[in-house]
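Chains as they are written, first to last, in full-length UniProt numbering: chain Y, 1 to 253; chain V, 1 to 253.
There are 2 protein chains.
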Amino acid sequence: MFAEERQKQILQYINEHARASVAELTSVFHVSEATIRRDLKELEEAGLLRRTHGGALANQSVGFEPTFSEKTVQHADEKKRIAAKAMEWVGEGDTVLLDSGTTTYQMVPFLASFRALTVVTNSYRILQELEQAESLELVSTGGIVRKGTQSLVGPIAEQVLEMVKVDKVFLGTNALDLEAGLTTPNLYEAQMKKAMIRAASQVILLCDSSKIGNTSFAKVAAISEVDVWITDEQAPAEVVKQVRDSGVEVILV
Amino acid sequence: MFAEERQKQILQYINEHARASVAELTSVFHVSEATIRRDLKELEEAGLLRRTHGGALANQSVGFEPTFSEKTVQHADEKKRIAAKAMEWVGEGDTVLLDSGTTTYQMVPFLASFRALTVVTNSYRILQELEQAESLELVSTGGIVRKGTQSLVGPIAEQVLEMVKVDKVFLGTNALDLEAGLTTPNLYEAQMKKAMIRAASQVILLCDSSKIGNTSFAKVAAISEVDVWITDEQAPAEVVKQVRDSGVEVILV
DNA sequence: TTGTTTGTGATTTATTTTGATTATATATGA
DNA sequence: TCATATATAATCAAAATAAATCACAAACAA
C-alpha cells in the first residue's frame, strides 16, 4: 500500500469511528507508530482531522458535540431522504421495528407525529428521542448495552425478538454487496439484525449508495431476503438492476 | 479516552445535571481529582461552565430540565444517604439489579466507580446515566416504555427477568405498610417488582420514612420477603421493631 | 552500475499528561 | 470570632506519548 492510500484510509477510519488512537491505527495498518504519527501530522496540517495526545479526532463539527451526531453528518442528506421515503411504509396502527443506526435514526422526527403506532427498537438512542412522543407505544428489546452504536444486543435482545411479531422492520447496514449480501463489522449486531428479519413480516432496508460494494466481517443476510431496498440515485445502475432481478423492490430517492 | 474527549463528556455531564462535584466526576471518569480540576479549569477558561468550591455549575440553565432533577426529588437528602448506605451491599464482580425510582437513581454516581460490575435495570434513565461509565457491563430488561417513571415494564421485561439471576436487587417502593406490605400505584410496575424479587438472591429495599404507613393500589410483596431494608432515622421505632421481628435486617441512616 | 531521493522503523531525547504529596485557601459550625 | 474539615493550588515524579535523529532499503535517474 502506498503512503497516500494509507493516509486516505486512515482519514476514512477516523471519520467512521469519530476517533482513533495511534496504537489502534498501528495494528490496523501494520506500520510503526512513527509512520502513523507522520501520517496524522500531515492530515492535520491539511486540516482534515484534529490530533490529540494518543491519537486523533474526526474534524466534523468543530467544538463540542456528541459522537453520534457527528457520525450522522456523513451523507446526511441521502439518509434523510431515504428515511423520509421509508415513512411511506409506516401506517397508523402499525407495529414497526427499528434497527439502530444513523439512517433509521433519521426516521425519528417523522414517527412522533403518528397517533397510534407501536415502535420496537434496540436503539436506546431512538428510545431516548421518542420518549417525548405521547401518542406512541414504545418497546425496548432490552439486552446488553453496546456503547459504540448506542444499541442493545446479545441473547436477551434476540430472545425478546422471538417473542414479538412486527409488521415491518426498518433495517440499516454497514455494507451491501451483491455476492456477500448485507454485512456489518460486529458479530453481535449481525445476530441482532438476523433476529429482526425473522421477527418481521416485511423487511425494508435503508442503505445509501456509499455502502454499495463494501463487504464487512459478519454476514447478516442475502439481499434476496430483503423486501424493499431504499437507496439514493447514486446507486450504480447495474447493481440496482441485479437486485431488482432477484425480486427485491428497489426505490431510488 | 483522550483528554479532549473527557473534557467534552465532562461538559456534557454537567450540562445534563446542571451541576457536578469533583468527587462525582472522579468516579464517573476514573481519573484523579487533580485531573478533574485541571479539566474544569480549562473548561471554565473557555467559558463553558462555572467552577465553584467542590465542583462546577452548568453555564446555561435554560434548556436543560431533567424530568426528575434534584430539586424536584422529595426527601432528596434521605434518599442520597440511603443510596450511599446501600452501596455497602455492592461488591466488585457482582451482578446487581436496579429498580427504577428516585432512590435507586441516587446510587448511580457510586456505581460508576466500580471496575467490574454488571448492572441490570429496567430504568432507562439509569441506563442513560451509566452509559458514560466504561467499566460497567450494562443490561437493559427491555419492555414497554412507561414515561412517568422512566422505566420499562410489561411481559417482555418480566420474561427477560426470568432469563437472568442476579446477586442482589435494589428495590424502591411507593408505599410500605406493616399489613399491606409493599405496594405501588401501578399494576405493571408491581408485576415488574415481583419479577425482580424472584430474579434476585437477596432483596434490598430502599425506602425512606415518608412512605411508611402508606398503602397504594397494587401489591408487590410482603415485608418479610425483603432481606434488608434501608431507611432513615425518622422511621417510627415500633414499625422498625416489628419489621425486625419478622426477620428483616433494618438499617437506619 | 552508482548516486540520490523517499519512505520506513528503531533509537534516543523531549514533551505532555497524570496522580501523589504537601502547603495554602476556603467553607462551615460552635 | 476561631477551629476544624474540606477543597484547591503548587510542586514533583512517573508514565505515556511525541519529536528528532539516524540508518536502512527500495525506487528511481543518470
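Ideal placement from N, C-alpha and C gives every residue a C-beta, glycine not left out.
Opposing strand residues paired with residue i [DSSP bridges]
{"i": "K219 (chain Y)", "result": "Y:T183"}
{"i": "W229 (chain Y)", "result": "Y:L205, Y:V250"}
{"i": "I212 (chain Y)", "result": "Y:L176"}
{"i": "L97 (chain V)", "result": "V:V120, V:V169"}
{"i": "V160 (chain V)", "result": "Bridge partners of V160 (chain V): none, in fact."}
{"i": "L127 (chain Y)", "result": "BP columns for L127 (chain Y) are empty, so no partner."}
Coil, strand or helix - residue i by DSSP
{"i": "A20 (chain Y)", "result": "strand"}
{"i": "Q150 (chain Y)", "result": "coil"}
{"i": "K168 (chain Y)", "result": "strand"}
{"i": "V239 (chain Y)", "result": "helix"}
{"i": "L176 (chain V)", "result": "strand"}
{"i": "E134 (chain V)", "result": "coil"}
{"i": "L40 (chain V)", "result": "helix"}
{"i": "V62 (chain V)", "result": "With a pLDDT of only 39 at V62 (chain V), under the threshold of 50, the placement of this residue in the model should not be trusted, and no figure is reported."}
{"i": "A112 (chain Y)", "result": "coil"}
{"i": "T52 (chain V)", "result": "strand"}
{"i": "V31 (chain Y)", "result": "coil"}
{"i": "A46 (chain V)", "result": "coil"}
{"i": "T121 (chain Y)", "result": "strand"}
{"i": "S140 (chain Y)", "result": "strand"}
Sequence-distant residues of its chain with Cβ nearer than 6 angstroms to residue i (five each side left out)
{"i": "residue 269 (chain V)", "result": "Since the first residue shown for chain V is 1 and the last is 253, residue 269 (chain V) is missing from the structure and cannot be characterised."}
{"i": "S216 (chain Y)", "result": "N174, A175, T183, T184, P185"}
Closer than 8 angstroms at the beta carbon, the chain V residues around residue i
{"i": "Y188 (chain Y)", "result": "Going along chain V, no residue has its Cβ under 8 angstroms from Y188 (chain Y), so there is no contact; the nearest lies around 13 angstroms."}
Cβ of residue i within 8 angstroms of any chain V Cβ
{"i": "A84 (chain Y)", "result": "no"}
{"i": "R198 (chain Y)", "result": "no"}
{"i": "N15 (chain Y)", "result": "no"}
{"i": "T52 (chain Y)", "result": "yes"}
{"i": "E131 (chain Y)", "result": "yes"}
{"i": "T141 (chain Y)", "result": "yes"}
{"i": "R37 (chain Y)", "result": "no"}
{"i": "G55 (chain Y)", "result": "yes"}
{"i": "R19 (chain Y)", "result": "yes"}
Close-in-space but distant-in-sequence residues of the same chain around residue i (CB under 7 angstroms, 5 per side omitted)
{"i": "K85 (chain Y)", "result": "I230, I251, V253"}
{"i": "R50 (chain V)", "result": "E44, A56, L57, N59"}
{"i": "L11 (chain Y)", "result": "L43, L48, L49"}
{"i": "V203 (chain Y)", "result": "V169, L171, I197, E225, V226, D227"}
{"i": "V239 (chain Y)", "result": "L178, I212"}
{"i": "S21 (chain Y)", "result": "G54, G55"}
{"i": "Q242 (chain Y)", "result": "L178"}
Residues that residue i contacts on chain V, provided the C-beta gap is smaller than 9 angstroms
{"i": "E137 (chain Y)", "result": "I144, V145"}
Partners in chain Y for residue i, counting only beta-carbon separations shorter than 8 angstroms
{"i": "I126 (chain V)", "result": "Per Cβ cutoff of 8 angstroms: no residues; I126 (chain V) is ~11 angstroms from chain Y at best."}
{"i": "L25 (chain V)", "result": "Result: empty, since nearest Cβ-Cβ is about 16 angstroms, beyond 8 angstroms."}
Sequence-distant residues of its chain with Cβ nearer than 8 angstroms to residue i (five each side left out)
{"i": "K193 (chain Y)", "result": "D99, L171, T173, L182, T184, V220, A221"}
{"i": "E249 (chain V)", "result": "D227, V228, W229"}
{"i": "T103 (chain Y)", "result": "K79, I82, A83, G172, L206, C207, D208"}
Proximity test, residue i beta-carbon vs the ligand MN heavy atom, cut-off 7 angstroms
{"i": "I230 (chain V)", "result": "No copy of the ligand MN occurs in the structure displayed, which carries no ligand at all."}
Listed by chain order, chain Y residues near residue i by CB distance under 7 angstroms
{"i": "M163 (chain V)", "result": "I156, Q159"}
Cβ of residue i within 8 angstroms of any chain Y Cβ
{"i": "E5 (chain V)", "result": "yes"}
{"i": "V2 (chain V)", "result": "Note on residue identity: the sequence assigns Phe, not Val, to residue 2 (chain V). It does; some Cβ of chain Y falls within 8 angstroms."}
{"i": "L152 (chain V)", "result": "yes"}
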